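**Q** Okay, handing you the structure first.
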Amino acid sequence: MAANAIEVSRISKTYADGTAAVEDLSFMVPEGSCFGFLGPNGAGKTTLMKALYGMVRRDPRPETRVSVLGFDPAADELAVKHLCGVVPQEDNLDAEVDVGTNLFIYSKFYGLPAREARERIAELLGFMELKEKARARVSELSGGMKRRLVIARALMNRPRLLILDEPTTGLDPQVRQLIWDKVRGLKREGVTVLLTTHYMEEAYQIADSIIIMDKGRRVLEGPPRELLSRGIEAWVLDVLDPDASGGLGEGPLSAGVRREEGGYSPRFFSDHPEALRELAARLPSGATHLRPTNLEDLFLRSTGRKLNDLQ
Amino acid sequence: MTCSDRCPSLASRLGSVWYRHFRTYTKDLVSNGFPPFMEPLIFLAGMGLGMAQYVPGLAGMSYLQFLASALVMTSAMFTASFECTYGTFVRLEFDKTYDGMLAAPLSVADVMVGEALWAGTKGAFFSLAVLLVISAFGLAELGPALLLTPAVGFLTGFLFGAIGLLVTSFVTNMNHFNFFFTGLLSPMFMFCGTVFPIENLPGPLQVLAEILPLTHPVRLGRAAALGSGWKASLLLDLAYTAGVAALAMYLAARRLERRIVK
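First to last, the protein sequences are chains D and B.
Sequential numbering from 1 applies to the first sequence in the numbering used here.
Sequential numbering from 1 applies to the second sequence in the numbering used here.
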């Protein structure tokens with residue numbers, strides 16, 4: 001029987017300025033799984049992560065219960081942090097010193113003896129494919145290398161829980177693939193992974209289960225594939241040229257086609273791609289795009305807003 | 001399983017924060033080590049060649065000796081103050097250094113006390129550098145001073161590190177540090193028994209000078225560097241310095257904890 005690495009019941013966070021960043025959220029993360037939080041900027045994802053390792057003070061409500069690997073971060077912050085690795089949203093490496101020294105300095109925070117630390121650093125540089133950069137200054141690294149170094153740093157103490165706050169935002173596709181690969185590898189070793197992202201693709205690639213958040217609240221929860229198959233039709237027809245869409249779908253639609261007003265042009269959803277192709281045939285070629293639906297469509301449907309809207 | 005079995009001890013945590021600063025600072029040792037040797041040289045050359053000949057000796061020493069023995073601690077004050085104001089502010093707001101450190105098993109208090117310990121170390125290093133320079137001019141005797149001066153320098157650095165952290169806890173715009181440097185540190189540099197004895201001040205200002213934190217480290221540092229003028233009242237200076245340092249450290253750690261952990 002798999003125990004839960006994280007059990008959170010009715011957590012809330014209201015900042016001093018009155019912003020309710022997280023509102024009455026509950027979830028459980030089974031050990032060895034990858035759990036994702038998906039949502040636009042300002043949805044409360046980062047606040048939630050920080051509350052789990054004691055960097056945000058959650059609202060002191062009597063009904064709130066938080067257990068991270070058996071410890072409550074509000075009472076025993078150091079115990080939680082000792083067992084977790086955290087990749088914060090922003091890289092915060094020591095620019096003055098080289099890659100190896102960055103890791104060595106970090107090993108001291110965990111009280112690792114120097115010999116053990118050196119072995120672990122060699123291992124981590126190999127794992128994150130940074131071996132040839134050990135003597136490079138941080139300022140010489142590309143964005144993707146810096147990110148890999150921050151991940152290596154988070155793995156220093158062989159964490160049982162890895163918290164990744166937007167691990168691949170702003171990185172190129174190759175680096176994202178590499179990072180997803182490494183996360184899958186860690187999961188196989190039994191590491192529990194907590195992930196925030198606003199990339200649907202990322203959640204789809206590595207998360208076993210996700211919560212879609214909006215304005216501090218849970219909108220949907222479940223395995224990403226299941227959410228898609230349950231929550232939205234399989235196919236969508238985007239109308240690329242709104243001027244050309246005139247009259248399209250204003251008449252009665254064929255059975256099983258649903259029309260949704262998008263940002264500036266309508267979109268048509270159906271489980272039957274033929275029905276959508278038929279619709280598209282009424283417009284000039286190139287004016288529409290037929291594709292499978294993704295989590296962003298689901299998010300839009302659940303909240304009425306785009307996932308990457310800045311707030 | 002409890003964490004106390006495997007979690008690093010308090011000493012290890014403070015040491016690790018100190019080590020982080022040590023490694024990043026010593027990476028540029030030549031440029032970072034230049035000021036503590038060069039500044040007293042410039043100051044003493046100017047004062048010694050120019051001004052000192054017009055001023056009679058006082059308190060049983062030459063004027064240049066009086067001045068030089070104060071520089072030992074004012075240099076510790078300035079380096080610790082810069083480290084824990086501008087340095088801390090940049091780490092806090094721009095480099096996000098603390099976000100990285102606090103993801104490891106460290107508390108905000110660990111990180112801040114570690115900062116002050118590092119400021120103390122820089123104070124010890126700077127005071128020792130100044131001592132070496134002034135002794136090269138024949139203004140101080142090396143001997144017990146080689147140990148005593150860095151010890152007082154450490155205390156002075158920790159004191160002004162803690163005060164700097166407390167100031168930083170209030171600051172949201174880096175330019176506000178000007179009030180601290182020009183409004184408090186510059187007057188202290190002039191009026192705390194550094195360039196003239198505080199007995200020359202009018203009565204009420206003497207009381208004020210006794211309250212200001214630099215006065216006491218300067219007395220301790222002067223005795224340590226010159227190896228003379230020991231008296232029992234130095235114990236009061238020591239107690240006052242340690243007391244203000246502890247109070248400032250406590251308040252700074254508390255305020256910064258509330259600022260960082262929102």
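Heads up, the beta-carbon is just placed ideally off N, CA and C, and yes, glycines get one too.
Computed from a prediction, not measured in an experiment: that's the story for all the values here.
(1) Which chain D residues are close to B:Cys84, counting only those with a beta carbon under 8 Å from its beta carbon?
(2) Near B:Ala52, what residues of its chain come up, given a Cβ to Cβ distance below 6 Å and the 5 sequence neighbours on each side ignored?
(3) Using three-state DSSP, classify D:Phe268 as helix, strand or coil.
(4) Quick check on D:Lys133 - is its C-beta less than 8 Å from some C-beta in chain B?
(5) Among B:Arg222, B:Gly227, B:Phe180, B:Gly120, which one has its Cα closest to the Cα of B:Ala242?
(6) Candidates D:Met128, D:Tyr199, D:Leu220, D:Glu201: which alpha carbon is nearest D:Ser26's?
(7) Would you mind working out which of D:Ala43, D:Phe104, D:Ala234, D:Leu69 sits nearest B:His21, comparing C-alpha positions?
(8) For D:His289, which residues does DSSP report across the bridge?
(9) Residue ranges of each alpha helix (DSSP H) run of no fewer than 4 residues wholly in the segment 194 to 234 of chain B, ordered along the chain?
(10) Run down chain D in chain order and give the residues with a C-beta less than 9 Å from the C-beta of B:Arg20.
(11) Under three-state DSSP, which class holds D:Met28?
(12) Below 8 Å on the Cβ atoms is my contact criterion, and I expect D:Ala234 with D:Asp181 to pass it. Report the Cβ-Cβ distance as a whole number of Å.
(13) Determine the closest residue to B:Val167 out of B:Thr156, B:Phe158, B:Phe179, with distance taken between C-alpha atoms.
(14) Since D:Ala74 is in the beta strand (DSSP E), which residue starts that stretch and which ends it?
(15) Using C-beta distances below 7 Å, list every residue in its chain close to D:Arg137, excluding the 5 sequence neighbours before and after it, in chain order.
(16) Mapping the DSSP letters down to three states, classify B:Cys84 as helix, strand or coil.
(17) Which residue's Cα is closest to the Cα of D:Gly44: D:Val29, D:Ala21, D:Val150?
(18) Can you pull the chain D residues whose beta carbon is under 7 Å from the beta carbon of B:Ser12, in chain order?
(19) So, is the C-beta of B:Ser31 closer than 8 Å to a C-beta in chain D?
(20) Where does D:Ser107 sit, in a helix, a strand or coil, going by DSSP?
(21) Is there at least one Cβ from chain D nearer than 8 Å to B:Gly100's Cβ?
(22) Measuring alpha carbon to alpha carbon, tell me which of D:Glu31, D:Asp17, D:Thr293, D:Thr14 ends up nearest D:Leu161.
(23) Sorted by chain position, which residues of the same chain lie with C-beta nearer than 6 Å to B:His216's C-beta, five sequence neighbours on each side aside?
(24) Taking the CB atoms as reference points, tell me whether B:Val171 and B:Leu41 lie closer together than 8 Å.
(25) How is the beta strand (DSSP E) around D:Leu194 delimited, first residue to last?
(26) Just to confirm, are B:Leu226 and B:Ala140 a CB contact at a threshold of 8 Å?
(27) Below 7 Å on C-beta distance, what does D:Leu78 contact in chain B?
(28) Got a sec? Which residues, its chain only, sit under 8 Å from B:Pro8 by beta carbon, not counting five neighbours each side?
(29) List, in chain order, every chain D residue whose beta-carbon is nearer than 7 Å to that of B:Lys27.
(30) For a quick check, are the C-beta atoms of D:Glu296 and B:Lys27 less than 8 Å apart?
(31) With DSSP collapsed to three states, give me the class of D:Ala136.
(32) List, in order along the chain, the chain D residues whose C-beta lies closer than 7 Å to that of B:Lys96?
(33) Compute the Euclidean distance between the alpha carbons of D:Thr293 and D:Ala280, then round it to the nearest angstrom.
(34) Which residues in the same chain as B:Arg91 place their Cβ atom closer than 7 Å to its Cβ, once the five residues preceding and following it in sequence are excluded?
(35) Is it true that the CB of B:Glu199 sits closer than 8 Å to the CB of B:Gly161?
(36) Report yes or no: is there a C-beta of chain B within less than 8 Å of the C-beta of D:Lys81?
**A** On the basis of the coordinates in this document:
(1) What B:Cys84 touches in chain D: nothing, since even the nearest Cβ is about 18 Å away.
(2) Tyr63, Leu64
(3) strand
(4) no
(5) B:Gly120
(6) D:Leu220
(7) D:Phe104
(8) D:Asp238
(9) 203 to 211, 215 to 226
(10) Asp94, Ile105, Tyr106, Lys108, Phe109
(11) strand
(12) With 8 Å as the limit, D:Ala234 and D:Asp181 do not qualify as a contact, their Cβ atoms being about 28 Å apart.
(13) B:Phe179
(14) Counting along the chain, D:Ala74 falls outside any beta strand (DSSP E), and DSSP gives it neither H nor E.
(15) Asp98
(16) helix
(17) D:Ala21
(18) Gly111
(19) no
(20) helix
(21) yes
(22) D:Glu31
(23) Asp237, Tyr240, Thr241
(24) no
(25) 192 to 197
(26) yes
(27) Cys3, Cys7, Pro105, Ser107
(28) Ser16, Pro105
(29) Glu96, Val97
(30) no
(31) coil
(32) Glu90, Asn92
(33) 16 Å
(34) Thr97, Tyr98
(35) no
(36) yes
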